[in-house]
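Residue 70 is where the sequence shown starts when you use the working numbering, and the numbers rise one by one after that.
Let me begin by presenting the structure, written as structure tokens, before commenting on it.
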Amino acid sequence: MKENNIDLAVITDDDSLYYFTGYHDFLHMDFGRPTILLVPKDDESTLITPLLDALLVPEDAPVEKIETWNDGVGDEWREFLPKIINQKKNIACEKYKINAPVSIYLSELMNGKPMGDITPIINDIRMIKTDEELKIARHAGEVAMAMMEGAKTAIGHNVPEYEIAIAQSQAGTRKAAELLKTH
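Laid out in structure tokens, this is it:
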């Protein structure tokens, strides 16, 4: 962030939230209930989440502060943003992944100042994998290949689609069981 002159990253995408914190709430934006991760370049990160879901935040989540809000009480999640946003000059969000209510509110707070896009930086970070993550990806690929082979083997004239789906599922399950047994 320092190299890119970003003072604050605003993260709302489910996948990014989970990647950086290990946290995934129940409803998220399906019911207009955003969870927001604020990551300043030189201060503590803050997770803003519904109170109902706060107990789901893992104990080892790398977040220093957790702010909670309740549906219909006060300004809900909006209450926490002004004091942090107004202190920062260069703010970036996941421009094409941020949910509309948060984007609109941030635009209001920014008073016409442009907001950067943190997505390329997040994408670069997410490309870095540990040996364990690479092993899991390889195993997932092996399961996928077994499923494809299972389906391919079952395909034939007048074979019902559900039979192909069953063969595919069984082949994947067997391969996954084999991998679990050996690793």
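Quick reminder that beta carbons are idealized off the backbone N, C-alpha and C, glycines included.
Bridge partner(s) assigned by DSSP for residue i
| i | result |
| --- | --- |
| isoleucine 160 | Leu77 |
| threonine 137 | Thr118 |
| isoleucine 105 | Ile117 |
Status (buried if at least 16 other CB within 10 Å, exposed otherwise) for residue i
| i | result |
| --- | --- |
| proline 103 | buried |
| proline 119 | buried |
| valine 212 | buried |
| serine 176 | exposed |
| alanine 78 | buried |
| serine 238 | exposed |
| methionine 214 | exposed |
| lysine 244 | buried |
| glycine 141 | exposed |
| glutamate 163 | buried |
| glycine 143 | exposed |
Whole-angstrom C-beta distance between residue j and residue i, which should lie under 8 Å
| i | j | result |
| --- | --- | --- |
| alanine 209 | isoleucine 75 | Alanine 209 to isoleucine 75, Cβ: 33 Å. No contact. |
Close-in-space but distant-in-sequence residues of the same chain around residue i (CB under 8 Å, 5 per side omitted)
| i | result |
| --- | --- |
| leucine 178 | Leu150, Pro151, Ile154, Asn155 |
| leucine 248 | His208, Glu211, Val212 |
| leucine 125 | Tyr92, His93, Asp94, Phe95 |
Close Cβ partners of residue i (< 6 Å) along its chain, the five nearest in sequence each way excluded
| i | result |
| --- | --- |
| methionine 70 | Lys110 |
| asparagine 159 | Asn74, Ile75, Asp76 |
| isoleucine 117 | Ile105, Glu136, Trp146, Phe149 |
| glycine 219 | Ala236, Gln237, Ala240 |
Cut-off 7 Å between Cβ atoms - residues of its own chain near residue i, not counting five sequence neighbours on either side
| i | result |
| --- | --- |
| proline 127 | Gly91, Tyr92 |
| proline 170 | Gly101, Pro103 |
| glutamate 232 | Ala223 |
| tyrosine 88 | Arg195 |
Residue i Cβ short of 7 Å to the ligand GTP heavy atom set
| i | result |
| --- | --- |
| aspartate 76 | No copy of the ligand GTP occurs in the structure displayed, which carries no ligand at all. |
Worksheet item: What are the uninterrupted segments assigned as alpha helix (DSSP H) that are 4 or more residues long and contained completely in the segment 182 to 214, given in chain order?
Response: The DSSP assignment places 188 to 196 as complete runs of the alpha helix (DSSP H) inside the segment 182 to 214, in order along the chain (cut-off: 4 residues).
Item to complete: For the segment 213 to 238, list the alpha helix (DSSP H) runs that are entirely contained and at least 4 residues long, ordered along the chain.
Response: none
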